[in-house]
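The opening residue of the sequence shown carries number 285 in the working numbering; numbering runs sequentially from there.
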Amino acid sequence: MQVVILIEPTVRLIAFTPKPFDTAVASARTCYSPRVVMPEEITEKQRESIGKSIWEAGHHTPFQHAAFTFSIENVSRQFVWSFLHSHPYYNSDQNSQRYVPLKEVNAFIPNLSDMPRKTYVDAVNLAWDAYRRLTEELKQEFSQLTESIGKVKGLNEKQINADAEKKAIETARYVLPVAALTSLYHTISGVTLMRYARMMNACDCPNEARIVVGKMMAEVGKIDPAFTSYLQIKPLPRKEEESTFNESFNAEFDAALGEYSSKLVSFNQNGEEIVADGVREALGKTKAEMSDDEAIDLAINPARNELLLDTINCWQHSPVMRALNLVSYSFKKKLSHTADSQNQRHRTTPASRPLLTRVHTKKPDCVLPKAILSNSDLKKEFNSAADALWEAKNKLIDEGVPAEYAIYLLPNATALRFTETGRFIDLMHKWRMRTCFNAQEEIYRLSMDELTQVSSVHPRLTRFVGPPCFFRRGFFDRPCPEGPRWCGIEVWRNFPKVIRPF
């Protein structure tokens, strides 16, 4: 079935490397030159004989010197999650559903025939109505809490009300469909752009991907026709989707997960000793000269490693801290689509994320925030909307609408299940950011699950890991680096035993 997006994505190239193709060719020539070759020196013949030739031979590093920054508007959250942010080779800044109230219905709407389109649009409108109601109810739910915290922070009434609204929309967003539109800055290299062109059919939303990638290529072609004409890419063919209702997979995964949201399933048994060896190797020390405890302390103790107190992360530039790359941990985890949209931004912790067309369920399958789970009225409101969204999704599939388009109706709360692996140096950064009380509540819970389990097997590595205020305590008058964004709770005094109230 041919589907057309009614609201066309807008793509603009707003910053780029001048002469990107010639820069790539010049960098390749420099490898065999006694001096740096400049882009202005490249001839048409060299574009063909060097540029095209090295690309076709698979020598692609010269094309990473080209950088392109796009502004992208009117794309779905599902597209961003399943395509733009599904790999580590990008940088994005995206508008946030946590902080920006979505007052108007703004979603991916396929141009279906009349009856399926009505089913789809009605479901989207119903979700937005539920979002508005939940937002208002949650404002009341959070008002007392934000008032008490606001007094500690010295906020006025307007600021306290704004905090209540932020917490309300952060929670209410769980009911919105992944079809909700978003806008972002997106920066990639020339190689990544070509990978997009190759892989645009290999995701859950190929129709949207083809439109956006086509516009990205066209924008680059305007400023340097050589880049898109010499580097010919044939997209992978679109395979027919196998839409299934796979409750058995979910049941098996959940049984393995047990009581955890994120369960440690694999790690280096002698990880602490490996790190200690790495530190000694970096410094040329023997075990007699530097014990395991001393070596580990040199890498992870802020009192001995000032890099741990910087707000800029320079850890990979430190010979001592690079030893933290040598151990890794794998977790089975279950979280919502909206939480993973933030979680996946930690690009150095790769995961086996699913295709929603292969794992969506017949009945609602959600992960909910505590504020909804603990309130029967809010939970009833959410469940009613989720039932309607799943019913509409199932109806569309029964009527022959491809699952690619039907799953756009799934809510942000839709459960995702996968395994994620990270090196300690990357997980330490993630846990420092996500055990902060300002982190999304669901990701906070996952991070605490992970940190607790790793602490039980490698306590020497994790003893200084926690939110910024925890490891900065004793070094700054106000340990929290967030300034006016401080959560209002002195977490550093009793972490990890302190209880998060929201």
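Glycine residues also receive a C-beta, built at the ideal position from the N, C-alpha and C atoms.
Residues near residue i in its chain [Cβ-Cβ closer than 8 angstroms; skip 5 each side]
| i | result |
| --- | --- |
| Glu788 | In the structure displayed, the chain extends from 285 to 786; residue 788 sits before or after that span and is not available. |
| Val559 | Ala579, Ile580, Ala583, Ala607, Leu608, Leu610, Val611, Phe708 and Leu745 |
For residue j and residue i, the rounded distance between their alpha carbons
| i | j | result |
| --- | --- | --- |
| Met285 | Tyr689 | Reliability fails at Met285, whose pLDDT of 37 lies under 50, so the model's placement of it is uncertain and the value that follows must be treated cautiously. For Met285 and Tyr689, the distance between alpha carbons rounds to 10 angstroms. |
| Gly758 | Pro752 | 12 angstroms |
| Leu297 | Ala351 | 11 angstroms |
| Ser467 | Cys764 | 30 angstroms |
| Phe305 | Phe511 | 5 angstroms |
| Thr327 | Ile507 | 17 angstroms |
| Val405 | Arg744 | 54 angstroms |
| Phe721 | Gly706 | 22 angstroms |
| Ser575 | Ser333 | 57 angstroms |
| Ala407 | Pro400 | 11 angstroms |
| Cys487 | His470 | 18 angstroms |
| Gln516 | Cys771 | 51 angstroms |
| Ala452 | Ser366 | 26 angstroms |
| Thr430 | Val436 | 10 angstroms |
| Glu292 | Asn409 | 20 angstroms |
| Arg331 | Val504 | 17 angstroms |
| Lys677 | Pro461 | 11 angstroms |
| Lys654 | Phe786 | 8 angstroms |
| Asp538 | Thr641 | 19 angstroms |
| Leu592 | Thr301 | 33 angstroms |
| Ala669 | Ile393 | 18 angstroms |
| Ala463 | Val643 | 17 angstroms |
| Cys315 | Trp599 | 29 angstroms |
| Glu543 | Lys618 | 11 angstroms |
| Lys336 | Lys329 | 10 angstroms |
| Gln553 | Thr703 | 19 angstroms |
| Gly767 | Lys571 | 43 angstroms |
| Ala672 | Ala414 | 11 angstroms |
| Thr476 | Arg762 | 42 angstroms |
| Leu693 | Ala411 | 9 angstroms |
| Asn390 | Phe426 | 26 angstroms |
| Ala687 | Asn440 | 49 angstroms |
Close Cβ partners of residue i (< 6 angstroms) along its chain, the five nearest in sequence each way excluded
| i | result |
| --- | --- |
| Pro346 | Ala308, Ser311 and Ala312 |
| Val782 | Val775 |
| Tyr480 | Val497 |
| Ser731 | Trp715, Arg718 and Thr719 |
| Asn375 | Thr471 |
| Glu531 | Thr645 |
| Gln737 | Leu548 |
Residue environment, residue i, which counts as buried when at least 16 other CB atoms sit within 10 Å
| i | result |
| --- | --- |
| Met484 | buried |
| Asn627 | buried |
| Val288 | Only weak support exists for where Val288 lies, its pLDDT of 37 falling under 50; the value from the coordinates is given anyway. Val288 is exposed by the Cβ-count criterion. |
| Lys518 | exposed |
| Asp624 | buried |
| Asn491 | buried |
| Arg701 | buried |
| Arg729 | buried |
| Glu556 | buried |
| Gln362 | buried |
| Ala502 | exposed |
| Glu726 | buried |
| Phe666 | buried |
| His601 | exposed |
| Lys402 | exposed |
| Gly568 | exposed |
| Ser248 | Any question about residue 248 goes unanswered here, given that the chain covers just 285 to 786. |
Beta-carbon contacts of residue i that lie in its chain and below 7 angstroms, excluding the five residues immediately before and after
| i | result |
| --- | --- |
| Asp649 | Asn534, Thr698 and Ala699 |
| Tyr383 | Lys450 |
| Lys663 | Ile656 and Leu657 |
| Phe779 | Gly750, Pro751 and Phe754 |
| Arg522 | Asn485 and Pro490 |
| Leu520 | Arg482, Met483, Asn485 and Ala486 |
| Met478 | Leu515 and Ile517 |
| His713 | Asn597 |
Within-8 angstroms CB hit, residue i to chain C
| i | result |
| --- | --- |
| Ala672 | Of the chains in the structure shown, none is chain C; there is only one protein chain. |
Residue i CB to nearest heavy atom of the ligand FAD below 7 angstroms
| i | result |
| --- | --- |
| Trp776 | With respect to the ligand FAD, the structure offers nothing, as it holds no ligand at all. |
Requested in this report: Could I get the ranges of all uninterrupted beta strand (DSSP E) runs contained in the segment 302-343, with 3 residues as the minimum, in chain order?
Outcome: none
Report task. Please list the segments of the beta strand (DSSP E) lying wholly inside the segment 688-722, counting only runs of 3 or more residues, in order along the chain. Result -> 699-707
**Report entry** Runs of beta strand (DSSP E) wholly within the segment 441-496 (minimum 3 residues, chain order)
**Finding:** 465-473
Query raised in the report: Okay, do the segment 319-329 and the segment 443-463 touch, 3+ Cβ pairs below 8 angstroms being the bar?
Result: no
Requested in this report: Spell out a yes or no on whether the segment 368-375 and the segment 324-343 are touching, meaning 3 or more CB-CB pairs, one atom from each, closer than 8 angstroms.
Outcome: no
Query - Cβ contact check for the segment 674-685 and the segment 573-590: 3 or more pairs under 8 angstroms - result: no
**Report entry** Minimum length 4: unbroken alpha helix (DSSP H) runs contained in the segment 531-603
**Finding:** 531-541, 555-567 and 576-584
**Report entry** Whole runs of the beta strand (DSSP E) within the segment 367-436, excluding any shorter than 3 residues
**Finding:** 375-378
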